[in-house]
Structures are given as structure tokens and as C-alpha cells.
Amino acid sequence: MILLDTTYILPLYGIDIKIPGFESGFEEILSSSEKPGISSISVLEAKGKLTKFFNTKEGLKRYKSGFIAITESLRFKIFDFVDREIDKNSTKIFLYGHRDIFDCIIAATALKHADLLVTEDIPLKKIMNKLFPDFKVLEWSEFAGEY
Numbered sequence: 064m065i066l067l068d069t070t071y072i073l074p075l076y077g078i079d080i081k082i083p084g085f086e087s088g089f090e091e092i093l094s095s096s097e098k099p100g101i102s103s104i105s106v107l108e109a110k111g112k113l114t115k116f117f118n119t120k121e122g123l124k125r126y127k128s129g130f131i132a133i134t135e136s137l138r139f140k141i142f143d144f145v146d147r148e149i150d151k152n153s154t155k156i157f158l159y160g161h162r163d164i165f166d167c168i169i170a171a172t173a174l175k176h177a178d179l180l181v182t183e184d185i186p187l188k189k190i191m192n193k194l195f196p197d198f199k200v201l202e203w204s205e206f207a208g209e210y
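In terms of the working numbering, the numbers along the sequence shown are unbroken and rise by one, the last being 210.
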């Protein structure tokens with residue numbers, strides 16, 4: 064199973080991401096028999112990004128639309144982040160130097176529930192490769208080329 068970082072669900076909230084080949088590849092993933100995973104904290108992180116980038120009324124409208132697309136479409140496996148193992152590993156990643164706690168929790172969720180984390184976060188990828196060398200972390204371009 065793959066776990067997607069928050070970046071890849073932002074288009075569902077009306078936020079454009081500029082990653083070559085993403086749109087067609089994302090649709091292919093969503094139509095495959097194995098649902099991609101996301102951490103439930105990604106929904107909260109997306110809400111934060113919306114209220115930060117748009118006025119509150121517009122941001123919350125986009126959030127509601129994206130929230131429905133994610134939770135009611137049944138196209139994603141959503142993993143809760145309130146878990147002892149996820150907490151332990153997210154703290155380990157944070158203490159190693161990655162200061163975005165959302166990213167730490169997403170990575171720790173991937174460690175517990177997935178075989179692969181897809182992220183554009185290069186510093187996180189480097190830390191994950193050092194701390195968990197047997198766990199696969201790929202950027203979208205690498206993932207699209209490999210799968």
C-alpha cells in the first residue's frame with residue numbers, strides 16, 4: 064500500500080500543485096483496485112492551508128468540498144494518527160531534525176500502515192532514509208516512473 068503526503072490531496076480542495084504528470088497519474092491511482100492511504104492529519108493540514116491561503120469563507124467552502132470528496136468517495140484508506148507507535152516514530156523523526164510535526168505524523172503513519180510514502184518533501188525523505196533505510200520514500204516523479 065502507498066501512503067500519500069498531504070500535497071497530493073490538495074487539488075481535491077481546489078489548490079493547484081505543479082507536479083508534471085500528476086493529474087493523469089493521480090486519476091490512475093484512484094481508479095486502481097488498491098486504494099491509496101492518507102493520514103487523517105492530512106485533512107487537518109489541508110484545512111490549515113486553506114484558511115491560510117484564502118479568506119476564511121472561501122477557504123472553508125473549498126475545505127468542505129474536498130472533505131466530502133475524500134471521506135465520502137471511498138477512494139482513500141484513511142488512517143487515524145492517534146496511535147502509540149505513530150506517536151513514537153513521529154517524535155523520533157521530529158527529534159532527528161524535521162520540524163514540521165504534520166510531516167512527521169504522516170511519515171510515521173506510513174511506517175505503520177504502508178510499504179511506501181510518496182512525498183515532495185526532500186528533507187523528510189532524507190531523514191526517513193537515514194532513520195528507516197528499509198522503508199521506501201519516493202517523490203511523485205520517481206513513483207510515477209516506478210509504478
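Note that the Cβ used here is the ideal one computed from N, Cα and C, for glycine as well. Keep in mind that this is a model prediction, so the values were computed, not measured.
| query | result |
| --- | --- |
| On the DSSP letters alone, give me the boundaries of the beta strand (DSSP E) that K140 sits inside. | 140-142 |
| On the three-pair Cβ rule with 8 angstroms, is the segment 88-101 touching the segment 118-131? | no |
| Based on DSSP bridge pairs, tell me the residues matched to K199. | L179 |
| Jot down the residue ranges of each uninterrupted beta strand (DSSP E) in the segment 75-109, minimum 3 residues, whole runs only, in chain order. | 100-102 |
| Any idea what DSSP makes of L158, helix, strand or coil? | helix |
| Locate the alpha helix (DSSP H) running through I72, then write down its first and last residues. | Note, I72: premise wrong, no alpha helix (DSSP H); not H, not E. |
| Helix, strand or coil: how does DSSP classify L174 here? | helix |
| Check this for me: beta carbons of G100 and I65, under 9 angstroms apart or not? | yes |
| Is L137 helix, strand or coil when you go by DSSP? | coil |
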